[in-house]
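One structure below.
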Amino acid sequence: MLVTKGLVYRVEFQFPAGCAGLAGIIVADGGFQVWPSTLGNWFATDNHVVAFDDMYTKFAEPFQLDFWGYNLDETYAHTIYVRIGMADKEIFQARFLPNVAYEMINRELEKVEAVKEEERQALIASPFPWLRGKE
Numbered sequence: 024m025l026v027t028k029g030l031v032y033r034v035e036f037q038f039p040a041g042c043a044g045l046a047g048i049i050v051a052d053g054g055f056q057v058w059p060s061t062l063g064n065w066f067a068t069d070n071h072v073v074a075f076d077d078m079y080t081k082f083a084e085p086f087q088l089d090f091w092g093y094n095l096d097e098t099y100a101h102t103i104y105v106r107i108g109m110a111d112k113e114i115f116q117a118r119f120l121p122n123v124a125y126e127m128i129n130r131e132l133e134k135v136e137a138v139k140e141e142e143r144q145a146l147i148a149s150p151f152p153w154l155r156g157k158e
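Reminder that position 30 of the sequence shown reads as 53 in the working numbering, one-by-one numbering, no gaps.
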């Protein structure tokens with residue numbers, strides 16, 4: 024699955040009725056198993072949605088997650104539905120990562136401080152602007 028650069032904050036795997044634990048899935052990123060987080064374990068259930076919040080960052084290429092599945096049912100094919108919630112913009116990531124919010128606030132405060140310093144320097148250069156003649 025192609026994904027965008029950003030933060031994965033929600034993951035859901037929907038197993039329809041009838042899977043009976045005979046179909047399973049894992050998610051990998053560049054060959055590294057991401058979900059389930061225990062290496063070698065698989066999500067496998069029946070008529071259930073496995074859903075959880077996470078804080079998995081995907082900031083390096085390739086912007087892709089690989090899904091590996093199996094089906095031990097010899098009679099029926101099964102489909103597992105996957106939903107991934109991602110925040111691609113820094114402003115949205117700040118909701119989940121306090122350090123991002125802190126950095127954004129600091130940048131904004133630095134901008135305000137720079138404007139204030141420009142105003143202060145302008146006042147020092149011309150403390151009485153009304154005394155200047157019109158040009």
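Just so it is clear, CB atoms sit at the ideal spot from N, CA and C, and this is done for glycine as well.
- The residue from Gln87, Gln56, Asp96 with its alpha-carbon nearest to that of Asp69 is Asp96.
- A straight-line Cα-Cα distance of about 4 angstroms links Asp76 and Arg33.
- Setting aside the 5 residues that flank it on each side, Pro59 is surrounded in the same chain by Ile49, Trp65, Phe66, each with a C-beta closer than 8 angstroms to its C-beta; the list follows chain order.
- Just measuring C-alpha positions, the residue of Tyr99, Ala83, Asp89, Gly54 sitting nearest Cys42 is Tyr99.
- For the pair Leu30 and Thr61, the CB atoms are not nearer than the 8 angstroms cut-off.
- Excluding the 5 residues flanking it on each side, Val73 has same chain C-beta neighbours closer than 6 angstroms at Phe36, Phe66, in chain order.
- By the Cβ neighbour-count rule, Gly44 is exposed, with fewer than 16 other Cβ atoms within 10 Å of its own.
- In the structure shown, Glu35 adopts extended strand secondary structure according to DSSP, grouped into three states.
- Here Leu88 is buried. Its C-beta has 16 or more other C-beta atoms within 10 Å.
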